[in-house]
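**Student:** Just dropping this structure here.
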Ligand SMILES: Nc1ncnc2c1ncn2[C@@H]1O[C@H](COP(=O)(O)OP(=O)(O)O)[C@@H](O)[C@H]1O
Ligand SMILES: [Mg+2]
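Residue numbers (this note's numbering), protein chains in the order written: chain A, 761 to 1160; chain B, 4 to 230.
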């Protein structure tokens, strides 16, 4: 109805203030949330891709107790089929266990991680962290250890480290391993407590020739994760094995992402509360200024609900104009920074590279983020509409 | 035939301290084609009586029959619809919707009635012509003088083809020349188109143009004479 447009146009200044307050709030909030979500999505994706995999395969019971007796077996044919799955970029079998490492009189409990050197290089770019010595070959019987661990135990390249741990089925695992290389691992925990060896050496150490603690599987497209998990389940023996998505294995990381986001969500709601009160103030003024006009309209025969509809439509048109304008700007900006992410510089960037991660901060184009802003504005508009609608329904048309 | 009939119509306003008999036991009949003035001093109950006849206010007791229908028994929505289809209104001031042009203000009523577009358009032009505003059809109310605004209001009141037009002191805010002009237009519409007008006033020069004069005092009719 033309009354809606005329009324908006009548008070152009106020309409522009309303529209632009919605516009700036939506623009700011959408980009803020988009940026933060994008950084987290990238961070999670980085971690999954280079460290833990999007999908993990373990023997039933392993996730609960992480003991060698719950290690798994997988045949070469299945491995080959997994690697052939379209969306899968990397399948890294692991042998993860604990051992006491000693050299001379010093000893320390460490994590022993059996890796496929080639696949690990492809996945996390492990060789880049070498500060001395050489990387492992596929059948190597030597170790790569963290810098901190080397210092603690007083071992260097070429020295031999004794490892004592638990083997399969209660046997004890004992071995002497020459140090092939020293790694600069980024966190102190890892740097002081990790030794890598080839899968073959690790399996021999624990006396379990074909055993793995698990498979870490990275995918190309996280959106197709569920389909890929189904494909993995079709390949592996699900009687004995469980297939886990990262939503399960990385629960803690997801939680910290949520906690971090909560702060910005609070800022977002504060913004919208301010905008909401601004709109409410405008609408209260507008309603009171137009009381007489409303009275005349009802007197000459306009039904109250029809009048309320016009006023509601005015507010809705203004709010939606603000939202649409803001999204028209925010979406291309988010898309641009999604395709051309902000690049980190300096130490941060270096640290990311050490982890085998890309030092990029993209924006997220997750439609949910933008839909959320629209919904919030609509809710605000609906709430603000209550005032004039209520006023109109109670308006006394005589005695003016 | 009577188009309006009130029986023992009363309106009592109750304040904390006192009761005001704004309209007191009024029996009144109005037939089609009348040109009737309700006169009386300020506070005599003219507005209250017109509001009740127009379905804008409800009586404390008594009944108002319009076109054979007791309008005091209608629901709020029914009353609103009844006003739209049967009664034309001209108020003392601020009659018009400020964002609409003169022609749109007149069309507005017919749009509410859901009339066809072509009819709305031709009737709005015709009515504005009849009140002498053919050349101001696209002006907004703010661009019109008080007298012109009231003439638009008369045109709007007629747009719905009502059974009668209620005008509560339509000339109160006008200078005497505009007031006389407005009355002449109302007289002409009454004589040529047979439109029934009931208006209140306390301007003796306006009263002189009426053909029936009902005088109120303290809410009651003290005289009712036709001239
Ligand atoms: N809403 C109201 N509340 C209380 N008293 C009212 C109200 N409206 C009118 N009155 C009283 O009713 C009487 C008649 O008023 P009104 O019909 O406006 O007279 P008029 O239009 O002739 O000046 C006056 O005494 C006025 O004070
Ligand atoms: Mg009055």
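The beta carbon of each residue, even a glycine, is placed where N, CA and C say it ideally should be.
1) Who are the Cβ neighbours of residue 948 of chain A in its own chain at under 8 Å, not counting the five residues just before and after it?
2) Going along the chain, which residues of the stretch 771-795 of chain A sit with their C-beta nearer than 8 Å to a C-beta in chain B?
3) Taking 8 Å as the cut-off, decide whether the C-beta atoms of residue 958 of chain A and residue 892 of chain A are in contact.
4) Cβ of residue 19 of chain B versus every heavy atom of ligand 1: is any distance shorter than 7 Å?
5) Just to confirm, does residue 199 of chain B get its C-beta within under 7 Å of one of the non-hydrogen atoms of ligand 1?
6) What alpha helix (DSSP H) runs, 4 residues minimum, are completely inside the stretch 973-1002 of chain A?
7) Using 8 Å as the cut-off, can you tell me whether the stretch 32-41 of chain B makes contact with the stretch 203-218 of chain B, which would need three or more C-beta pairs spanning the two stretches below that distance?
8) Regarding residue 1025 of chain A and ligand 1, is the C-beta to nearest heavy atom distance less than 7 Å?
9) Can we count residue 204 of chain B as close to ligand 2, meaning its CB is less than 7 Å from some heavy atom?
10) Out of curiosity, what's the CA-to-CA distance linking residue 965 of chain A and residue 894 of chain A?
11) Mapping the DSSP letters down to three states, classify residue 120 of chain B as helix, strand or coil.
12) Would you verify that the beta carbon of residue 1056 of chain A is, or is not, closer than 8 Å to some beta carbon of chain B?
13) Under 7 Å: does the beta carbon of residue 194 of chain B sit that close to some heavy atom of ligand 2?
14) Counting only the same chain and skipping the five closest in sequence on each side, list residues whose C-beta sits under 6 Å from that of residue 1124 of chain A.
15) Does at least one heavy atom of ligand 1 sit under 7 Å from the Cβ of residue 47 of chain B?
16) Can you give the Cα-Cα distance for residue 191 of chain B and residue 131 of chain B, rounded to whole angstroms?
17) Going straight from the alpha carbon of residue 148 of chain B to that of residue 96 of chain B, what length do you get?
18) Spatial neighbours of residue 181 of chain B within its chain, please: CB distance less than 6 Å, with the 5 preceding and 5 following residues excluded, ordered by chain position.
19) On the three-pair Cβ rule with 8 Å, is the stretch 1056-1066 of chain A touching the stretch 7-17 of chain B?
20) I'd like to know if residue 92 of chain B contacts chain A, where contact means its C-beta is closer than 8 Å to some C-beta of that chain.
21) Any contact between the stretch 971-986 of chain A and the stretch 809-821 of chain A? By contact I mean 3 or more CB pairs, one from each, below 8 Å.
22) Here's the rule: buried if 16 or more other CB atoms are within 10 angstroms of the residue's CB, otherwise exposed. What is residue 1142 of chain A?
23) Report whether the distance from the Cβ of residue 1173 of chain A to the nearest heavy atom of ligand 1 is below 7 Å.
24) For residue 171 of chain B, is the beta carbon positioned less than 7 Å from some heavy atom of ligand 2?
25) With respect to the beta strand (DSSP E) encompassing residue 22 of chain B, which residues constitute its N-terminal and C-terminal limits?
26) Based on the DSSP secondary-structure assignment, which residues constitute the bridge partners of residue 13 of chain B?
27) Hey, residue 849 of chain A and residue 1003 of chain A: beta-carbon distance below 8 Å or not?
**Tutor:** In brief:
1) Result list for residue 948 of chain A: 908, in chain order.
2) Look at the stretch 771-795 of chain A: it has no residue with a C-beta under 8 Å from a C-beta of chain B.
3) It is not a contact, given that the beta carbons lie outside the stated cut-off.
4) Answer for residue 19 of chain B: no, Cβ out of range of ligand 1.
5) Because no heavy atom of ligand 1 lies under 7 Å away, the Cβ of residue 199 of chain B does not count as near it: no.
6) Fully contained in the stretch 973-1002 of chain A are the following alpha helix (DSSP H) runs of length 4 or more, in chain order: 985-995.
7) The stretch 32-41 of chain B vs the stretch 203-218 of chain B: in contact.
8) No, since every heavy atom of ligand 1 falls outside the 7 Å radius drawn around the Cβ of residue 1025 of chain A.
9) Outside the cutoff, so no.
10) Residue 965 of chain A and residue 894 of chain A have their alpha carbons spaced roughly 21 Å apart.
11) DSSP, read as helix, strand or coil, puts residue 120 of chain B in helix.
12) Yes, residue 1056 of chain A counts as interfacial toward chain B.
13) Relative to the non-hydrogen atoms of ligand 2, the Cβ of residue 194 of chain B never comes closer than 7 Å to any of them.
14) Close CB contacts of residue 1124 of chain A within its chain, under the 6 Å cut and outside five residues either way in sequence, are with 794, 797, 798 and 801 (chain order).
15) At least one heavy atom of ligand 1 is nearer than 7 Å to the Cβ of residue 47 of chain B, so yes.
16) In this model, residue 191 of chain B and residue 131 of chain B are separated by some 14 Å (Cα to Cα).
17) Cα to Cα, the separation comes out at about 12 Å.
18) Correct list, in chain order: 150.
19) With contact defined as three or more Cβ pairs closer than 8 Å, the stretch 1056-1066 of chain A and the stretch 7-17 of chain B are not in contact.
20) So, interface residue.
21) The stretch 809-821 of chain A and the stretch 971-986 of chain A touch, with three or more beta-carbon pairs separated by less than 8 Å.
22) So residue 1142 of chain A ends up on the exposed side.
23) The structure shown does not extend to residue 1173 of chain A, since chain A is modelled only from 761 to 1160, so the question has no answer here.
24) For residue 171 of chain B, the shortest C-beta to heavy atom distance toward ligand 2 is below 7 Å.
25) Looking at the DSSP string, the run of the beta strand (DSSP E) that includes residue 22 of chain B is 22-34.
26) Paired residue(s): B/64.
27) Cβ atoms of residue 849 of chain A and residue 1003 of chain A: not closer than 8 Å.
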